[in-house]
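Taken in sequence, the protein lines are chains A and B.
The numbers in the working numbering rise by one with no breaks, and the one at position 242 of the first sequence is 245.
The numbers in the working numbering rise by one with no breaks, and the one at position 165 of the second sequence is 209.
Worksheet for the structure shown next.
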Amino acid sequence: MPATARDEHAVAPTPGAHAQPVVKLRHPIRWASYVIIAVLAAMFVNTILTNPNYGWDVVGEYFTSVRILDGLLKTLQLTAIAMVLGIVLGVGLAVMRLSSNPAVSGVSWLYIWFFRGTPIFVQLLFWGYISALYPVISLGIPFGPSFVEFDTNVLITPVMAAILGLGLNEGAYMAEIVRAGILSVDKGQTEAAQALGMKRGRILRQIVLPQAMRVIIPPTGNNTISMLKTTSLVSVLAFPELLYAAQLIYSDNFETIPLLITASIWYIIVTSVLTVGQYYIERHYSRSERLAGPGVLSRIAELQRRRGVTVDTEGEAR
Amino acid sequence: MTADTRVPMVRAEDIRKSFGHLEVLKGINLEVQRGEVMTLLGPSGSGKTTFIRLINHLETITAGRLTVDGQLVGYREHQDRLHELRESEVAGMRAEIGMVFQRFNLFPHMTALQNIMAAPIGVRREPKGVVRERALSLLERVGMSDKSGAYPGALSGGQQQRVAIARALAMQPKLMLFDEPTSALDPELVGEVLDVMKDLARSGMTMIVVTHEMGFAKEVADSVVFMDDGVVVEAGSPDAVLVDPQHQRTRDFISKVL
Chain A
4 MPATARDEHA VAPTPGAHAQ PVVKLRHPIR WASYVIIAVL AAMFVNTILT NPNYGWDVVG
64 EYFTSVRILD GLLKTLQLTA IAMVLGIVLG VGLAVMRLSS NPAVSGVSWL YIWFFRGTPI
124 FVQLLFWGYI SALYPVISLG IPFGPSFVEF DTNVLITPVM AAILGLGLNE GAYMAEIVRA
184 GILSVDKGQT EAAQALGMKR GRILRQIVLP QAMRVIIPPT GNNTISMLKT TSLVSVLAFP
244 ELLYAAQLIY SDNFETIPLL ITASIWYIIV TSVLTVGQYY IERHYSRSER LAGPGVLSRI
304 AELQRRRGVT VDTEGEAR
Chain B
45 MTADTRVPMV RAEDIRKSFG HLEVLKGINL EVQRGEVMTL LGPSGSGKTT FIRLINHLET
105 ITAGRLTVDG QLVGYREHQD RLHELRESEV AGMRAEIGMV FQRFNLFPHM TALQNIMAAP
165 IGVRREPKGV VRERALSLLE RVGMSDKSGA YPGALSGGQQ QRVAIARALA MQPKLMLFDE
225 PTSALDPELV GEVLDVMKDL ARSGMTMIVV THEMGFAKEV ADSVVFMDDG VVVEAGSPDA
285 VLVDPQHQRT RDFISKVL
């Protein structure tokens, strides 16, 4: 056919097509939901303000009291220490889990299986009652004489029990995150490093872990937020973090609800700050995904180019 | 090992390699002399990539005897037995063999210059200043001087591959292995990488190149080896193998590729 593409695709416009009025779709259910939610919200605000049991004056009184702020500080410290311990343990366990030595990888598997398979609350109780299990901890020759002995109750204070309980548990979860990160790095990276004569330790530190970070860091931020709240469980060990500080106060003055509210407000403030930080971390890592290196998207594009497939903007493969 | 010029750079005797029940190499016998440029041709699945990966022990051989510069690859012979080498010994051997990959495998979190400097500093413990100077002159040699600070993500495939060649050369290897170095490139970028490789071949480097680039094989290779189904079908000078092949399988392959 001698007709050109222009002729074939040309469409004669309907007269006045651009000037026709449009009736917008109505959303009656949406409007009804606005009304219902507004009423419920008003009821909620009303009860918060008028129910004297909330004790807002007590909340105000204790919100910045020394004991609460001290508890908050201990919560923050405990979160930081437990996360550091968890991350260090997690990297170690992840590397062990990926080891070609079956004994080493088996130990890591067992550790993760145990610490993820039992509730953190139970683990904390175990650490609290550890002296009932091992009254004395001694250093010496296995099955032989011991050189030094410690009273477990002296060694494992509530702080230690809290750090060990939270940190060892976190290690199991971090191990899975780090393992996923390490596995996300292309095998070709390790091969290229091996071909240059690098040894395993250097390849891990210099080549694999830096690239695994984009996969490791965002969920680590999430775990930190989660850890902040989990530290409240430590109140059962009589460690005076934020919740236990509040509990100590209300056991004196019986203002239970206002003090729980006080603690809750602090928790939500700190998690909000951490969530904002998390947002920026995630944005940073999704951007570097786009800009630098063979990210997932550029890799898919590359593969398709090699197969001779192009993907146009409508997502239609030709 | 002493650089005895009579010892071939690579000597493969009846090399076999199996992945599970699949035998990929069924007895390869080859010799690569010092300064020789050998190209390995063959259809995909013929075992040519596996063969060059054996040379720097990225894969372990199933049977046979493979030496580089007179040294057994991956093993030490002692009282008629082969002892597996320790990781550090294997790493030491690899450090002297450069390898260029189909997918470049540059380190994406390092600049072009850092990619080149990483191994000489980290593996050889050479002083930073010396390495830096060498890295810069290598970048110039591959025509990438102006991109020393660029990250791989900002480079085209051809540029990445040229940096990858410079990275391998920075270890001053005695042997260079190329695993389909231009297969992942857009057609218009193949030439710039081949030019760098031709230059390297003329400088006297011993090279084993797995490629489909017949032009490269004809122009710079000293020998051409045609592999199919895990065996060497035909080997000889480029003229002999490419122009006047003796075997039907070679003829079929060459007629399809050209």
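Even for Gly, the Cβ is constructed at its ideal location relative to N, Cα and C.
Owing to the predicted nature of the structure, the values given are computational and were not obtained by experimental measurement.
Counting C-beta neighbours from all protein chains within 10 Å, is the total for residue i 16 or more, i.e. buried, or is it exposed?
i, result
"Leu219 (chain B)", "buried"
"Thr160 (chain A)", "exposed"
"Pro105 (chain A)", "exposed"
"Val139 (chain A)", "exposed"
"Phe260 (chain B)", "buried"
"Ile105 (chain B)", "buried"
"Pro261 (chain A)", "buried"
"Val3 (chain A)", "Given a span of 4 to 321 for chain A in the structure shown, any question on residue 3 (chain A) remains unanswerable."
"Gly296 (chain A)", "Summary for Gly296 (chain A): the model assigns pLDDT 45, below 50, so the residue's position carries little reliability; its value from the coordinates is reported in the next sentence. The residue is buried, with at least 16 neighbouring Cβ atoms inside 10 Å."
"Leu28 (chain A)", "exposed"
"Val112 (chain B)", "buried"
"Gly86 (chain B)", "buried"
Compare the C-beta of residue i with all C-beta atoms of chain B and state if any pair is closer than 9 Å.
i, result
"Glu173 (chain A)", "no"
"Leu203 (chain A)", "Looking at the sequence shown, residue 203 (chain A) is not Leu but Arg. Cβ-Cβ to chain B under 9 Å: yes for Arg203 (chain A)."
"Ile2 (chain A)", "Because chain A here runs from 4 to 321, residue 2 (chain A) falls outside it and cannot be looked at."
"Gln209 (chain A)", "yes"
"Leu199 (chain A)", "yes"
"Val299 (chain A)", "Low confidence applies here, because Val299 (chain A) scores a pLDDT of 46, under 50, leaving its location unreliable; read the following figure in that light. No, Val299 (chain A) lies away from the interface with chain B (no Cβ there is under 9 Å from its Cβ)."
"Asp189 (chain A)", "yes"
"Ala195 (chain A)", "yes"
"Gln23 (chain A)", "no"
"Gln250 (chain A)", "no"
"Gln281 (chain A)", "no"
"Gly80 (chain A)", "In the sequence under discussion, the amino acid at residue 80 (chain A) is Gln, which differs from the Gly named in the question. No, its Cβ sits nowhere closer than 9 Å to a Cβ of chain B."
"Leu294 (chain A)", "Low confidence applies here, because Leu294 (chain A) scores a pLDDT of 47, under 50, leaving its location unreliable; read the following figure in that light. Judged by the 9 Å Cβ criterion, Leu294 (chain A) is in contact with chain B."
"Gln192 (chain A)", "yes"
Residue i and residue j: beta carbons closer than 9 Å?
i, j, result
"Glu179 (chain A)", "Met230 (chain A)", "no"
"Lys172 (chain B)", "Leu183 (chain B)", "no"
"Glu140 (chain B)", "Met215 (chain B)", "yes"
"Ala44 (chain A)", "Leu169 (chain A)", "no"
"Tyr288 (chain A)", "Pro221 (chain A)", "yes"
"Trp130 (chain A)", "Ala164 (chain A)", "yes"
"Trp269 (chain A)", "Leu75 (chain A)", "yes"
"Glu80 (chain B)", "Thr255 (chain B)", "no"
"Ser149 (chain A)", "Leu158 (chain A)", "no"
"Ile264 (chain A)", "Val62 (chain A)", "yes"
"Val207 (chain B)", "Ile252 (chain B)", "no"
"Gly280 (chain B)", "Gly91 (chain B)", "no"
"Gly201 (chain B)", "Val240 (chain B)", "no"
In the DSSP output, what is residue i paired with across the bridge?
i, result
"Lys70 (chain B)", "B:Arg60"
"Met271 (chain B)", "B:Val276"
"Met251 (chain B)", "B:Val81, B:Met220"
"Leu126 (chain B)", "B:Glu121"
"Asp154 (chain A)", "A:Val139"
Within 9 Å (strictly less), CB to CB, does residue i reach chain A?
i, result
"Arg211 (chain B)", "yes"
"Pro152 (chain B)", "yes"
"Gly136 (chain B)", "yes"
"Arg109 (chain B)", "no"
"Phe145 (chain B)", "yes"
"Ser247 (chain B)", "no"
"Ala139 (chain B)", "yes"
"Arg169 (chain B)", "no"
"Ala162 (chain B)", "yes"
"Asn73 (chain B)", "no"
"Met215 (chain B)", "yes"
"Ser132 (chain B)", "yes"
"Ala179 (chain B)", "no"
"Gly64 (chain B)", "no"
"Gly193 (chain B)", "no"
"Ala208 (chain B)", "yes"
"Leu102 (chain B)", "yes"
"Gly91 (chain B)", "no"
"Gly166 (chain B)", "yes"
"Gly79 (chain B)", "no"
Going along chain E in order, which residues have a C-beta closer than 7 Å to the C-beta of residue i?
i, result
"Gln214 (chain A)", "In the structure shown, chain E cannot be found, because the protein chains are A and B."
Touch test, the stretch 194 to 203 of chain B against the stretch 163 to 171 of chain B, Cβ-Cβ under 8 Å, three pairs minimum: no
Contact between the stretch 266 to 283 of chain B and the stretch 224 to 234 of chain B (3+ Cβ pairs under 8 Å): no
Cβ contact (3+ pairs, closer than 8 Å) linking the stretch 86 to 101 of chain B and the stretch 120 to 127 of chain B: The stretch 86 to 101 of chain B, when compared against the stretch 120 to 127 of chain B, does not touch it at the 8 Å Cβ threshold.
Given 8 Å, three or more beta-carbon pairs between the stretch 128 to 142 of chain B and the stretch 199 to 207 of chain A: The stretch 128 to 142 of chain B vs the stretch 199 to 207 of chain A: in contact.
contact_flag[the stretch 145 to 153 of chain B, the stretch 175 to 182 of chain B] where n(CB pairs < 8 Å) is 3 or more: no
Given 8 Å, three or more beta-carbon pairs between the stretch 250 to 261 of chain A and the stretch 175 to 190 of chain A: no
Contact the stretch 192 to 199 of chain A vs the stretch 115 to 134 of chain A: 3+ CB pairs below 8 Å: no
At least 3 beta-carbon pairs within less than 8 Å: the stretch 62 to 72 of chain B vs the stretch 237 to 247 of chain B: no
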